[in-house]
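In order, the protein sequences belong to chains A and B. So the first sequence is residues 1 to 76, counted in this note's numbering. So the second sequence is residues 77 to 281, counted in this note's numbering. Reviewing the structure listed below.
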Amino acid sequence: MEEKKPTPGAPTAAAAAMPAENPYTQWYEVKPGDTLWKIAKQHYGDGSLYPEIFKANQDVLTDPDKIKVGQKLRLP
Amino acid sequence: MKPRSLFTGFLSMAFAALLLAGCANQMEPAKKAIADIEAAIAAAPDAAQYIPDQLGGVTQKLADLKAKFDQKDYKGVIAAAPALLTEAQGLAGAAASAREAAEAAKAAALEALGAEWSSLSAALPAQVAALESRVNVLSKSKKLPANLDQATFDSVKTGLTDAKALWDQATAAQAAGNVEAAVTAARQVKEKADAAMAALGMTAG
């Protein structure tokens, strides 16, 4: 039986199943020297809240200590 | 009595009788003309609602006509009646046109409200959710960020609570078919959510 090839550029079933991003989501672009602690401190006033940012970005982060410059992170 | 003066007296009486008869002859047509005008006005029951000024003009002229009738100026009534009858007969058509225009305007306003509701109902839950998420995180903070003082944060929390209650009202009104009330409440939600987002330094989506 021939397998159906996905059409290039067409949304995959997985992508279609993903919930749409909230258009009011707040984003932050990682700068040199940033850590999740620093970002949490800057936006929430309390660095210890960095797990909130990590949890909101688990689709792009696997380790809270490993963020990349230029990465766009959700700020819940 | 001389025959000449007898003749003159007879002539005067005859003239007076003719005059009276003439008046009596004109009274009934004048009465009917007024009744016809009244009937034409009664045939336009929507006129008071949709064309009150036009109706007011006609009823004023009818009152003038009735005053003429009371003064026994039947000739004057009969002379003025046809034009007023035409005017009165035009009331029904004018009221119908005005009613159609009013209904069309109402339908257009309802359509605009429906479109506004669609737009607000698509955006507001997401906006409120984003706000709530930020407020929840900030509520766990031991110290608020530099650009946010406690009083402002407290007012944001109150605004969010109000916005959520208003959103419940809006959706209930929409479910009950009251789009106008739904949109009014939703606009207030938007106002409160926008103010809260601005206070927290959040940007609109």
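The beta carbon of each residue, even a glycine, is placed where N, CA and C say it ideally should be. All of these numbers come straight from a predicted model, not from anything done at the bench.
- A residue is called buried when at least 16 other Cβ atoms come within 10 angstroms of its Cβ; L186/B does not meet this threshold and is exposed.
- Excluding sequence positions up to five before and after R74/A, its CB lies within less than 6 angstroms of the CB of T25, A56 and N57, all in the same chain and listed in chain order.
- Among the residues facing chain B, Q26/A is included, as its CB has a counterpart in that chain under 8 angstroms away.
- Look at the beta carbons and you see the stretch 155-173 of chain B touching the stretch 119-139 of chain B: at least three pairs across the two are nearer than 8 angstroms.
- In terms of beta-carbon proximity, G45/A lines the interface with chain B, with at least one pair separated by less than 8 angstroms.
- By DSSP's assignment, E29/A forms a beta bridge with K72/A.
- Contacts with chain B at 8 angstroms (Cβ-Cβ) include P23/A.
- For G132/B, the closest C-alpha among the options A171/B, P158/B and S215/B is that of A171/B.
- At least one beta carbon of chain B lies nearer than 8 angstroms to the beta carbon of L49/A.
- Close to chain B, meaning a Cβ-Cβ distance shorter than 7 angstroms, are the following residues of the stretch 49-68 of chain A: L49 and E52.
- For V211/B, same chain residues with a beta-carbon under 7 angstroms away, outside a window of 5 residues either side, are V232, K233 and L236 in chain order.
- For Q136/B, the enclosing alpha helix (DSSP H) stretches over residues P128 to D146.
- Against chain A, the CB of P121/B has no partner CB under 8 angstroms away; the residue lies outside that interface.
- Proximity of L220/B to chain A, defined by a Cβ-Cβ separation below 8 angstroms, is satisfied.
- With fewer than 16 other Cβ atoms from the protein chains shown falling within 10 Å of its own Cβ, S194/B counts as exposed.
- With respect to chain A, the C-beta atom of L214/B has a partner C-beta closer than 8 angstroms.
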